[in-house]
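Undergrad: Quick one: structure below, then a few questions.
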Amino acid sequence: MALRWSAKYLYPFSIDISRLWREDTDKQKISRIHTASVPLDKKQIQRVTKIGLPTVLAIVIAYFLLKEIDIQEIPKTLSRLSLKALLIGFGCYGVLVLAKALRFRALLNLDSGVHKVFPILAMHTFWGNILPMRTGDVSYVYLMQRRQQVDATQGVASLLVASLIDLVLLMGLVVATAWHLRAALRDTLSGTVLYLIPLLMGGGLVAAIVFVYAAPHACMRFAEGCAGPLLALEKSPVSWTVDKVLAVLRELTAFRSNQRFLEVWVYSVLCLVIRFGFQCYLVAEMGVDIPMTEVLFALAFTNVFNLLPVQTVGNFGTTEFPFVWLLNHFGTSIEIATVTGFSLHILILIYCLPLGASGFLMKPKEQ
1 MALRWSAKYL YPFSIDISRL WREDTDKQKI SRIHTASVPL DKKQIQRVTK IGLPTVLAIV
61 IAYFLLKEID IQEIPKTLSR LSLKALLIGF GCYGVLVLAK ALRFRALLNL DSGVHKVFPI
121 LAMHTFWGNI LPMRTGDVSY VYLMQRRQQV DATQGVASLL VASLIDLVLL MGLVVATAWH
181 LRAALRDTLS GTVLYLIPLL MGGGLVAAIV FVYAAPHACM RFAEGCAGPL LALEKSPVSW
241 TVDKVLAVLR ELTAFRSNQR FLEVWVYSVL CLVIRFGFQC YLVAEMGVDI PMTEVLFALA
301 FTNVFNLLPV QTVGNFGTTE FPFVWLLNHF GTSIEIATVT GFSLHILILI YCLPLGASGF
361 LMKPKEQ
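Okay, structure coming up:
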């Protein structure tokens, strides 16, 4: 009797539930079909391009470089490094990040101690070595805004100033090492490429920095006059971009302290010396037969190249390609140059991992 009652009264409900389930399933199928048919918007396409293109580029460049060598030579080369050399390299890398922290602390005129700025630069260095197309710089802007209450525009401006100073110093280093190697380079690269272009670029950048620093009001009037017609294009990407560029330029012209200006240059030179010093030391400890002047020239040229937003994921390929190309022009075999480049790159990635982790763990307690 109880079973008949249950069947009598529950059967209609079972039909309804089943029908609802089928209808819901049909709706989900229609929704999936509709979603699949909707084209990707511009932001999604840009996101896919930023991730997919550098990844494909890294694979392609790395493939063409690695096919020229026996991959087993990379661990063999790394195994020739003593524990002492590895520890010295890691210590120098940590000092390099510390020098960067001191530079940006002076650049932004922060009241915080360097121990609070160091984690930000450690994480920025880590993401800069991992993410493509200089998107790692976003971590610096975000962390400075989050942990040091630095406005995003001011953060971008400080990165721009640091990059310009680095470019000036790198151009000087390229010219100095190229002059020392002029006999070997005479048949491969013209004097215009080796000396004139770097000197003009470096001199032009110095003149621009001096102009912004010495005559900030005149600089802003000139920039605003040039940007006027573009700003008239209201609600367009062009006007938005120009407005942001002017905001960054205003932050650049606000940089006025003579002592700060000198400190930033001193720390920038220190960063340059440490960066190339420990890399040349590691290459020497690998036991490869490459003159250090040639290594220094190749490293300087590669760093100039990588100031552009051309990096792949992990910077693989885009770091090794110019390094290998230049060393090969000096007479070093492609195999030795490629093994050296990848070995040095792997070491730097290994060094930046614990520093990036320490930057994350050293975040303020309230965060």
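Per the numbering used here, residue 1 is the first one in the sequence shown, and the count goes up by one each step.
Even glycine gets a Cβ: it sits at the ideal position worked out from N, Cα and C.
(1) Please report the distance separating the alpha-carbon of D137 from that of V60.
(2) Identify every run of the alpha helix (DSSP H) within the segment 273 to 359, keeping only runs that are complete inside it and at least 4 residues long; order them along the chain.
(3) Expressed to the nearest angstrom, what Euclidean distance is found between the alpha-carbon atoms of G155 and R134?
(4) Is it true that the CB of S163 sits closer than 8 Å to the CB of L107?
(5) According to DSSP, simplified to helix, strand and coil, what is K390?
(6) What's the gap between the Cα of T293 and the Cα of L252?
(7) If I measure Cβ to Cβ from L173 and keep anything under 8 Å in the same chain, skipping five residues before and after, which residues do I get?
(8) Considering only their Cβ atoms, is the gap separating I69 from E335 smaller than 8 Å?
(9) Are the segment 102 to 121 and the segment 313 to 329 in contact at 8 Å, needing three or more beta carbon pairs?
(10) Using the C-alpha atoms, what's the distance from D151 back to G94?
(11) Could you work out which residue in L169, L181 and H180 is closest to G202 when comparing CA atoms only?
(12) Keeping to the same chain, check which residues put their C-beta closer than 7 Å to that of V212; ignore five residues upstream and five downstream.
(13) Which residue's Cα is closest to the Cα of T102: N306, H180 and S268?
(14) Would you grab the beta carbon distance between F90 and G359 for me? Rounded to a whole angstrom, and I think it's under 8 Å.
(15) DSSP on N109, reduced to helix/strand/coil?
(16) Looking at V248 and A227, is the spacing between their C-beta atoms short of 8 Å?
(17) Which residues mark the beginning and the end of the alpha helix (DSSP H) in which E234 is found?
(18) Taking DSSP as the reference, what is the three-state secondary structure of G94?
TA: On the basis of the coordinates in this document:
(1) 25 Å
(2) Taking only runs of at least 4 residues, the alpha helix (DSSP H) segments lying wholly in the segment 273 to 359 are 292 to 305 and 320 to 329.
(3) As the crow flies, the alpha-carbon of G155 is around 15 Å from that of R134.
(4) no
(5) In the structure as shown, the chain starts at 1 and stops at 367, and residue 390 therefore has no counterpart that could be examined.
(6) 35 Å
(7) L272, F276, L296 and A300
(8) I69 sits close to E335, with the two beta carbons spaced by under 8 Å.
(9) no
(10) 27 Å
(11) L169
(12) C219, L252 and T253
(13) Looking at the sequence provided, one finds Leu at residue 102 rather than Thr. It is S268 whose Cα lies nearest to the Cα of L102.
(14) Incorrect: roughly 15 Å between the Cβ atoms, too far for contact.
(15) coil
(16) no
(17) No alpha helix (DSSP H) contains E234, which DSSP labels as neither H nor E.
(18) helix
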